[in-house]
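J.: First the structure, then my questions, so here it is.
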Amino acid sequence: IGFTISALKDVGGNISVYLAPMMVPSFLLSVVTLGLFCSIGANLLVNYAVGRMSVVKVSSFGAITTLCSMFSGVIFLGEPMTLSLLAGASLILLGIYQVTK
7 IGFTISALKD
17 VGGNISVYLA
27 PMMVPSFLLS
37 VVTLGLFCSI
47 GANLLVNYAV
57 GRMSVVKVSS
67 FGAITTLCSM
77 FSGVIFLGEP
87 MTLSLLAGAS
97 LILLGIYQVT
107 K
């Protein structure tokens, strides 16, 4: 709700400008893919993992999604690989290691 209100403010309350990306097939395909397939697939995999591992271990691996997002930005969007990015990734991996140990 917050992001929608902010986006509507940015376009001056013009709903047609706000909904214009929905007319672009590649955008719509991306939204459907991420919204349906990725979410459903991720939830099925989490349920499977909980059946095989403790919930604490499974939840600690949820932090890996942050790493995937960071490195996907670097690889696919050309975002800069900074020292703070590497430090944050290292801390996440260290935390996962400590929890699973």
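The opening residue of the sequence shown carries number 7 in our numbering; numbering runs sequentially from there.
Yeah, the Cβ is synthetic: ideal placement off N, Cα and C, and Gly gets one too.
(1) Sorted by chain position, which residues of the same chain lie with C-beta nearer than 7 Å to A13's C-beta, five sequence neighbours on each side aside?
(2) Report the rounded CA-to-CA distance for M76 versus S36, giving the unit in angstroms.
(3) Relative to the C-alpha of F82, which residue among L89, C74, V64 is closest?
(4) Taking the alpha helix (DSSP H) that C74 falls in, what are its first and last residues?
(5) From S45 to V105, what distance separates their C-alpha atoms?
T.: So, from the listed chains and residues:
(1) Y24
(2) 19 Å
(3) C74
(4) 70-82
(5) 25 Å
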